[in-house]
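Following this note's numbering, the numbering of the sequence shown begins with 1 at its first residue and continues without gaps.
The block underneath contains the structure these notes are about, expressed in structure tokens.
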Amino acid sequence: MWAGRVSTSPLVIHASLFPQAETDAYHFQCDCACPDDGFVLQPRSQLPSVGELPLRHPVLHRQQLADSYTLLFNPIHDRGVAVLNPAAHALWQHFARPQRVTDALAGEADSESLGTIDSLLRFGLLESVGKRFAPRQGAPQTLSTWIHVTNACNLRCDYCYIDKSDEEMPADVGWAAVDAIFRSAAANGFRQVKLKFAGGEALLNWQRVLEMEAYARERSQQTGIGVEAVLLSNGVFTSEEVIAECKTRQIRISISLDGVGDYHDSQRRFVNGRGSFAWVDRTIERLIAAGIHPFISITLSNRNADGLAETVAYALERQLPFNINFFRDNECAAPYGDLRLQDERIINAILRAFAVIEDNLPEQSLLGYLVDRAQFNTPHNRTCSAGQSYLVIDQRGNIAKCQMEIEQPITNVFAPDPLAMLRGAGEGVQNLPVDEKEGCRECEWRYWCAGGCPIATYRATGRYDVKSPNCHIYKAIYPEALRLEGLRLLKLANRYGQIH
1 MWAGRVSTSP LVIHASLFPQ AETDAYHFQC DCACPDDGFV LQPRSQLPSV GELPLRHPVL
61 HRQQLADSYT LLFNPIHDRG VAVLNPAAHA LWQHFARPQR VTDALAGEAD SESLGTIDSL
121 LRFGLLESVG KRFAPRQGAP QTLSTWIHVT NACNLRCDYC YIDKSDEEMP ADVGWAAVDA
181 IFRSAAANGF RQVKLKFAGG EALLNWQRVL EMEAYARERS QQTGIGVEAV LLSNGVFTSE
241 EVIAECKTRQ IRISISLDGV GDYHDSQRRF VNGRGSFAWV DRTIERLIAA GIHPFISITL
301 SNRNADGLAE TVAYALERQL PFNINFFRDN ECAAPYGDLR LQDERIINAI LRAFAVIEDN
361 LPEQSLLGYL VDRAQFNTPH NRTCSAGQSY LVIDQRGNIA KCQMEIEQPI TNVFAPDPLA
421 MLRGAGEGVQ NLPVDEKEGC RECEWRYWCA GGCPIATYRA TGRYDVKSPN CHIYKAIYPE
481 ALRLEGLRLL KLANRYGQIH
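Below, the structure is given as structure tokens:
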């Protein structure tokens with residue numbers, strides 16, 4: 001791919017070398033409780049000097065890429081993927097056994113080599129003997145919330161876990177919900193709240209969404225706590241008014257799209273049994289025409305697996321950010337056994353989708369969102385923030401830890417600090433740190449996967465303290481996801497003239 005363009009000077013290619021707009025991951029707007037409390041690493045000022053102590057290789061993931069480039073990734077560091085050209089790789093190899101820089105360079109410690117070694121240290125690809133990095137959990141900055149503004153929906157998706165009704169969230173509960181969110185945010189030191197308006201289909205109670213969003217802005221100004229809003233929608237009907245309001249108010253939009261044509265229709269149908277793809281496709285095109293690029297949420301099951309590559313191509317062609325969520329088994333979906341994941345079928349489907357991505361590499365990183373709940377943008381020890389920094393508020397004002405347990409509330413919006421109640425509750429999902437999960441403690445991917453969805457694990461095994469039933473899928477796919485990021489970095493380096 002880049003034959004004949006390998007630099008003879010050592011080159012460490014990393015996302016930090018490029019403009020921020022091209023290195024940031026897509027702004028993720030899934031329907032899950034994604035954590036933002038990744039590990040705290042030693043500040044730059046505390047990194048060892050290149051001549052201070054003997055250096056060595058930490059435990060790394062390593063892959064060969066095109067034209068003798070090497071991908072390196074430290075699974076317990078937060079700097080992500082780096083790609084080394086042959087000269088940088090040869091320099092890195094000097095430290096296969098611990099030694100000082102002066103010894104490794106045999107007296108030829110020129111500024112170029114020293115700068116490369118400094119980069120290898122900063123990116124976690126070398127470490128000082130006796131100073132191995134020990135991760136420390138950070139504090140979450142965002143209180144995320146699922147606001148179930150209605151229990152009604154105009155679709156009947158086979159995998160949905162909601163037992164639907166026509167019940168909507170009334171105005172007084174909406175006001176109380178916003179107050180409760182900001183009350184808990186202030187009490188627990190959060191800097192921002194994220195409101196995910198959902199259901200059911202949130203657009204069936206659109207007026208409540210507008211009222212609550214406006215009130216949340218008022219509370220934000222009063223408290224100094226930031227606020228952002230996301231509309232989670234099935235996309236079957238989005239009026240011009242909705243599009244205009246979302247654009248004016250900067251409400252982000254996430255649309256569920258499980259395939260193109262029949263692949264989508266096989267899972268997401270209207271109450272009368274008709275497929276919904278044509279309506280969703282129309283909504284997506286209208287949003288794009290209005291200057292809004294919705295986030296595409298793909299639910300992958302055994303039923304629609306063969307259509308995943310085409311779905312990913314659909315998103316890439318329209319430059320839409322997307323994520324791939326695995327089907328979660330639940331009581332409502334119990335009659336549909338063909339939804340349940342079969343490892344090899346899912347692995348092959350994802351690999352075909354990755355091939356499509358490789359042929360159409362986006363500018364921005366997809367690393368955080370390619371494989372279910374894994375996030376390769378920062379290490380973390382819990383899969384999600386359920387029970388930690390997440391509130392799920394139903395249409396009656398009851399509060400649960402996770403939307404999949406929305407019918408098992410722990411408290412309500414009138415509690416002084418609902419989040420404290422969830423954190424202290426022994427009932428409901430137990431979102432354990434990955435180091436407490438059997439089968440995860442020694443895994444190289446543990447701080448990126450964090451053991452998978454705890455509810456899915458419990459349903460499959462009856463335990464929270466064991467690895468995910470999807471572990472085999474994850475381990476097969478993670479190296480390929482990293483490879484895509486390495487190729488993306490090579491593409492950027494080529495564009496910016498760093499490969500010459």
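Note that CB positions come from ideal geometry on N, CA and C, so glycine has one too.
Here the structure is a predicted model, which means the values were calculated and not measured.
Could you tell me the distance, in whole angstroms, from the CA atom of residue i to the CA atom of residue j?
{"i": "Ser-68", "j": "Pro-86", "result": "6 Å"}
{"i": "Cys-443", "j": "Cys-449", "result": "10 Å"}
{"i": "Glu-561", "j": "Cys-160", "result": "No answer is possible for residue 561: it lies beyond the span of the chain, which begins at 1 and ends at 500."}
{"i": "Gly-235", "j": "Val-280", "result": "5 Å"}
{"i": "Gly-439", "j": "Glu-363", "result": "35 Å"}
{"i": "Glu-310", "j": "Tyr-263", "result": "10 Å"}
{"i": "Arg-423", "j": "Gln-388", "result": "6 Å"}
{"i": "Val-271", "j": "Ala-15", "result": "46 Å"}
{"i": "Ala-202", "j": "Arg-122", "result": "45 Å"}
{"i": "Ile-292", "j": "Pro-321", "result": "12 Å"}
{"i": "Arg-268", "j": "Asp-258", "result": "8 Å"}
{"i": "Arg-282", "j": "Asp-166", "result": "26 Å"}
{"i": "Ile-243", "j": "Leu-287", "result": "7 Å"}
{"i": "Ala-289", "j": "Ala-374", "result": "32 Å"}
{"i": "Gly-124", "j": "Ala-109", "result": "21 Å"}
{"i": "Val-312", "j": "Gly-273", "result": "25 Å"}
{"i": "Asn-494", "j": "Cys-384", "result": "36 Å"}
{"i": "Ser-111", "j": "Asn-377", "result": "31 Å"}
{"i": "Phe-18", "j": "Val-81", "result": "14 Å"}
{"i": "Tyr-215", "j": "Val-227", "result": "11 Å"}
{"i": "Ile-523", "j": "Asp-163", "result": "This structure leaves residue 523 out entirely; the chain is present only between 1 and 500."}
{"i": "Leu-341", "j": "Gly-138", "result": "33 Å"}
{"i": "Glu-241", "j": "Glu-285", "result": "16 Å"}
{"i": "Asp-103", "j": "Val-129", "result": "15 Å"}
{"i": "Gly-428", "j": "Ala-386", "result": "10 Å"}
{"i": "Gly-497", "j": "Tyr-478", "result": "29 Å"}
{"i": "Arg-463", "j": "Thr-457", "result": "7 Å"}
{"i": "Ser-239", "j": "Glu-245", "result": "10 Å"}
{"i": "Leu-210", "j": "Arg-483", "result": "42 Å"}
Here's a check: name, in chain order, each residue in its chain whose Cβ is nearer than 8 Å to the Cβ of residue i, leaving out the five neighbours to either side.
{"i": "Ala-176", "result": "Gly-397, Val-413 and Phe-414"}
{"i": "Ser-113", "result": "Pro-10, Leu-91 and Leu-105"}
{"i": "Leu-126", "result": "Leu-55, Arg-56, His-57, Pro-58, Trp-92, Phe-95, Ile-117 and Leu-120"}
{"i": "Ile-399", "result": "Ala-180, Leu-391, Val-392, Ile-393, Pro-409, Ile-410, Thr-411, Asn-412, Val-413, Ala-415, Pro-418, Met-421 and Leu-422"}
{"i": "Asn-154", "result": "Glu-201, Leu-204, Asn-234, Val-236, Phe-237, Phe-270 and Val-271"}
{"i": "Leu-143", "result": "Ile-181, Ser-184, Ala-185, Asn-188, Phe-190, Gln-192, Val-193, Lys-194, Ser-389, Tyr-390, Leu-391 and Leu-419"}
Which whole-angstrom value describes the C-beta separation of residue i and residue j, a residue pair presumed to lie in contact below a C-beta threshold of 8 Å?
{"i": "Ile-406", "j": "Asp-394", "result": "5 Å"}
{"i": "Val-149", "j": "Arg-208", "result": "5 Å"}
{"i": "Leu-361", "j": "Arg-488", "result": "5 Å"}
{"i": "Gln-430", "j": "Pro-469", "result": "In fact, because the Cβ distance is near 16 Å, the residues do not count as touching under 8 Å."}
{"i": "Lys-467", "j": "Trp-445", "result": "Contact flag wrong, Cβ pair sits at about 10 Å."}
{"i": "Leu-367", "j": "Glu-485", "result": "5 Å"}
{"i": "Tyr-535", "j": "Asp-158", "result": "The requested residue 535 is not part of the displayed model; the chain covers only 1 to 500."}
So residue i is in the alpha helix (DSSP H); what residue range does that whole segment cover?
{"i": "Ser-111", "result": "111-122"}
{"i": "Gln-222", "result": "206-223"}
{"i": "Thr-311", "result": "308-317"}
{"i": "Ser-184", "result": "171-187"}
{"i": "Ile-473", "result": "471-495"}
{"i": "His-94", "result": "Counting along the chain, His-94 falls outside any alpha helix (DSSP H), and DSSP gives it neither H nor E."}
{"i": "Val-280", "result": "277-289"}
{"i": "His-264", "result": "262-265"}
{"i": "Leu-419", "result": "418-423"}
{"i": "Thr-461", "result": "454-461"}
{"i": "Asn-348", "result": "343-359"}
{"i": "Ala-244", "result": "240-249"}
{"i": "Val-101", "result": "101-104"}
{"i": "Arg-62", "result": "Counting along the chain, Arg-62 falls outside any alpha helix (DSSP H), though it belongs to the beta strand (DSSP E) covering 61-64."}
Please list, in chain order, all residues of the same chain as residue i whose beta carbon is under 6 Å from its beta carbon, the five residues on each side excluded.
{"i": "Gln-99", "result": "Pro-54"}
{"i": "Gln-403", "result": "Trp-146 and Val-392"}
{"i": "Val-356", "result": "Ala-309, Val-312 and Ala-313"}
{"i": "Gly-261", "result": "Phe-277"}
{"i": "Ala-152", "result": "Asp-166, Gly-200 and Leu-204"}
{"i": "Ala-425", "result": "Ile-410"}
{"i": "Met-212", "result": "Gly-174 and Val-178"}
Spatial neighbours of residue i within its chain, please: CB distance less than 7 Å, with the 5 preceding and 5 following residues excluded, ordered by chain position.
{"i": "Arg-459", "result": "Asp-329"}
{"i": "Ile-225", "result": "Phe-182, Ala-185, Ala-186, Phe-190, Arg-191, Gln-192 and Val-193"}
{"i": "Leu-232", "result": "Asp-31, Lys-196, Phe-197, Ala-198, Ala-202 and Ser-254"}
{"i": "Glu-480", "result": "Leu-351 and Phe-354"}
{"i": "Arg-345", "result": "Asn-302 and Ala-305"}
With respect to the beta strand (DSSP E) encompassing residue i, which residues constitute its N-terminal and C-terminal limits?
{"i": "Tyr-564", "result": "Shown here, the chain extends from 1 to 500; a query on residue 564 therefore has no answer."}
{"i": "Leu-231", "result": "226-233"}
{"i": "Ala-82", "result": "81-84"}
{"i": "Thr-299", "result": "295-300"}
Given 8 Å as the limit, is there contact between the stretch 338-355 and the stretch 301-315, that is, 3 or more CB pairs closer than that?
Result yes; three or more Cβ-Cβ pairs closer than 8 Å.
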